[in-house]
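To start, the structure itself, in structure tokens.
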Amino acid sequence: MPTRPRPSSGVTIGDVAAAADVSRATVSRAFSRPELLRPETVDHVKAVAERLGYTANRAAQALSTGRFGNIAMVVPDVANPFFPPMVRTVQSRAEQADLAVFLGDADESAEREAKLAARFSPQVDGFILASPRLSAERIWELADKRPVVLVNRDVEGIPRVLIDSSGGMTEGVVHLKRLGHRRIAYLAGPRDSWSDQQRRSAITRAAAAAGMEVEVIEVGRPSYTAGRSAVSALVAAGATAAVAFDDVVSQGVLAGLELRDIAVPRDFSLMGCDDTLAALTTPAMTSVSAASAAAGTAAADLLVRMLETGRAEPERLTVATHLVVRATTGPAAG
């Protein structure tokens, strides 16, 4: 009669080594330093370990190798729909590399971000910081201790993945001009956000090149409520169209306009950014696609490669954006 495998707490590295007909060192390397072994050896050892119910002791591995098998990802607002697709792709890539992901929500605060980094640092092998609010100096301090990859923050010498909104924003301005709009508004996000700085610059340049006026309206932390509250300033600006920092803000603007009986797009045209909620609004929102999932994959690939090679190259990868035209943009009223 076949014996049932013992629970993982009772299966040792020696048991796996004996069953796989390899040394204990080979079993240890298969889990902690697989790059040192042939792929077929790693697959064989892990298959035997899974059959026996063996789970590698991460704490013991950290003591012997200095690696924890964990990475940390910190985002400014986990509730913002821009970030979950990015987190999901980072998680998927990390699992392929046999890494666990610690997720931190900085709540749009540089101090909270620093506190999370300090707490994670003793337990992780590296960091992915998405749209970080930390100063460049504090990012460099963290990078001196652990490998760091940035998303949507351009710090020289630190590997980073940048979603280039300028292409999509320029397309959006050209699209609005073709529809007859001459005065538009930009509903801006947090001033310390790299993405907002880039979007402000892109829309200002594109409007100047097109002979259009732009009114910048400060919204601050992007939220549905902030978007709805900005409608008064939007109406006072005399604009016939607006571009919002993200789809969350544009959703609030859409609701605020409806409360004032301003029909979209008959009376007013509206564009979002990131294309996370745009297809779900009524009417469906014109938005700039941001490809956050692709950025997450690229960032995770960079970090995994840094951990595997032990080298940090200051790579700067960009992800292009484009305009997705839907039902909230139309000819300028009047």
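Numbering of the sequence shown is given in the numbering used here, commencing with residue 5 and proceeding in unit increments. Backbone N, C-alpha and C define an ideal beta-carbon position, used for all residues, glycine too. All figures in this text were calculated on a predicted structure; none of them were measured in a lab.
Using DSSP's beta-bridge definition, name the partner residues of residue i.
{"i": "R164", "result": "L154 and R320"}
{"i": "L274", "result": "A246"}
{"i": "I221", "result": "L191"}
{"i": "H326", "result": "S293"}
Quick one: give me the first and last residue of the beta strand (DSSP E) that residue i is part of.
{"i": "F131", "result": "F131 to A134"}
{"i": "A340", "result": "Here the chain has residues from 5 to 338 only, and residue 340 is not among them."}
Under the three-state reduction of DSSP, which class applies to residue i: helix, strand or coil?
{"i": "E44", "result": "helix"}
{"i": "F87", "result": "helix"}
{"i": "M77", "result": "strand"}
{"i": "E54", "result": "helix"}
{"i": "G176", "result": "helix"}
{"i": "F72", "result": "coil"}
{"i": "P38", "result": "helix"}
{"i": "L281", "result": "coil"}
{"i": "V149", "result": "At residue 149 the sequence reads Lys, which differs from the Val that was named. Three-state DSSP puts K149 in coil, outside helix and strand."}
{"i": "G314", "result": "coil"}
{"i": "D19", "result": "helix"}
{"i": "S32", "result": "helix"}
{"i": "E262", "result": "helix"}
{"i": "V268", "result": "coil"}
{"i": "E112", "result": "coil"}
{"i": "S96", "result": "helix"}
{"i": "D25", "result": "coil"}
{"i": "L67", "result": "For L67, the predicted structure reports a pLDDT of 47, less than 50, and the residue's modelled location is therefore unreliable. A value from the coordinates is still provided. Three-state DSSP puts L67 in a helix."}
Using the rule of at least 16 other Cβ atoms within 10 Å of the residue's Cβ for burial, across every protein chain shown, is residue i buried or exposed?
{"i": "R157", "result": "buried"}
{"i": "P318", "result": "exposed"}
{"i": "K149", "result": "exposed"}
{"i": "L67", "result": "Legend: pLDDT at L67 = 47, less than 50; position of this residue unreliable, value from coordinates given subsequently. L67 comes out exposed."}
{"i": "A134", "result": "buried"}
{"i": "L40", "result": "exposed"}
{"i": "R182", "result": "exposed"}
Along the chain, where does the alpha helix (DSSP H) that runs through residue i open and close?
{"i": "S125", "result": "Where S125 is concerned, there is no enclosing alpha helix (DSSP H), given that its DSSP letter is neither H nor E."}
{"i": "T238", "result": "This sequence places Leu at residue 238; Thr is not what is there. Start and end: V235 to A240."}
>> Taking contact to mean 3 or more Cβ pairs, one atom from each stretch, closer than 8 angstroms, check whether the stretch 237 to 253 and the stretch 269 to 282 are in contact.
In response: Yes, the stretch 237 to 253 touches the stretch 269 to 282.
>> Within 8 angstroms, do at least three Cβ pairs link the stretch 82 to 97 to the stretch 300 to 319?
In response: yes
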